[in-house]
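Asks: Here you go, one structure.
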Amino acid sequence: SDPPPPPPSPPQAESQAESQAESQAESQAESQAAPPQQTTLGSSTILNGGWQSDKDMNDRRAMIAKIVALLQQRKPNAPQEWLEKLPQMAKRLEESLYRTASSFDTYNDGSTLKSRLQQLAMNIGMKTQQARREQQKEQQNGYGYGSGSGSGGGERQVSDATK
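According to my numbering, the residues represented by the sequence shown are 23 to 185, in order.
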């Protein structure tokens, strides 16, 4: 409906991507992270890429700490509520990075961490926007919950005969 804004100039684009990454990471703190596909070999669990294992836990904790530090740098005067959500946000972001990386070296590369987080946030944002559009479409077509009129928004009324 609204015309798209003009494309930002290159310095603005990076700053805008960082802001978008930050806000989308925040909004996804409660998001749905798809459970990884797992295969068990002996006592060790291997995820999608085949390189992941239970032995990576110390490195994963260190990565979560790096993500927390990066997000805190981006929002130094963050409200207390945001700070309380930060560990869970960082954990979910780390899980996604871990699950999708093609190798441990790719996953653990600190020089690309910021850009990988930005890309992840943009992907999450696109999926969120797409889900919202689909939900709005369903509601417009009368398929959505709470979009029609009726008694009590879908609650069942119990008659005296069934009590």
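Using N, Cα and C, we set each Cβ at its ideal position, and we do this for glycine too.
Kindly indicate which three-state DSSP category S124 falls into: helix, strand or coil?
Replies: Correct three-state label for S124: coil.
Asks: What's the C-alpha gap between F126 and W73?
Replies: One C-alpha to the other measures close to 7 Å.
Asks: With a cut-off of 8 Å, do at least 3 Cβ pairs link the region 127-137 to the region 83-95?
Replies: The region 127-137, when compared against the region 83-95, does touch it at the 8 Å Cβ threshold.
Asks: Quick check on this structure: which residue in Q102, P109, S118 and S124 has the alpha carbon closest to the alpha carbon of I213?
Replies: This structure cannot settle anything about residue 213, because the visible part of the chain is limited to 23 through 185.
Asks: Grab the span of the alpha helix (DSSP H) containing N80 for me, first residue to last.
Replies: Start and end: M79 to R96.
Asks: On the three-state DSSP scale, how would you describe W104?
Replies: Three-state result, W104: helix.
Asks: Whole-angstrom Cβ separation of L92 and L139, contact assumed at under 8 Å?
Replies: Confirmed, about 7 Å.
Asks: Restricting to Cα atoms, I'd like to know which of P109, Q102, R121 and N99 is closest to P78.
Replies: Residue identity check: residue 78 is Asp in the sequence provided, not Pro. When each option's Cα is compared against that of D78, the closest is R121.
Asks: Would you report the Cα separation of Q151 and D81, rounded to the nearest angstrom?
Replies: Roughly 33 Å between the two C-alpha positions.
Asks: Mind checking whether W104 and K97 have CB atoms under 8 Å apart?
Replies: Cβ atoms of W104 and K97: closer than 8 Å.
Asks: Could you pull the start and end residues of the alpha helix (DSSP H) that Q158 belongs to?
Replies: Q158 -> alpha helix (DSSP H) spans L135 to Q162.
Asks: Nearest-angstrom Cα distance between L115 and E156?
Replies: For L115 and E156, the distance between alpha carbons rounds to 25 Å.
Asks: Do you know offhand how far K149's Cα is from Q158's?
Replies: Cα to Cα, K149 sits roughly 14 Å from Q158.
Asks: Just to confirm my understanding: we take Q162, look at its own chain, exclude 5 residues before and 5 after, and list those with CB closer than 6 Å. What are they?
Replies: Hits under 6 Å: none found.
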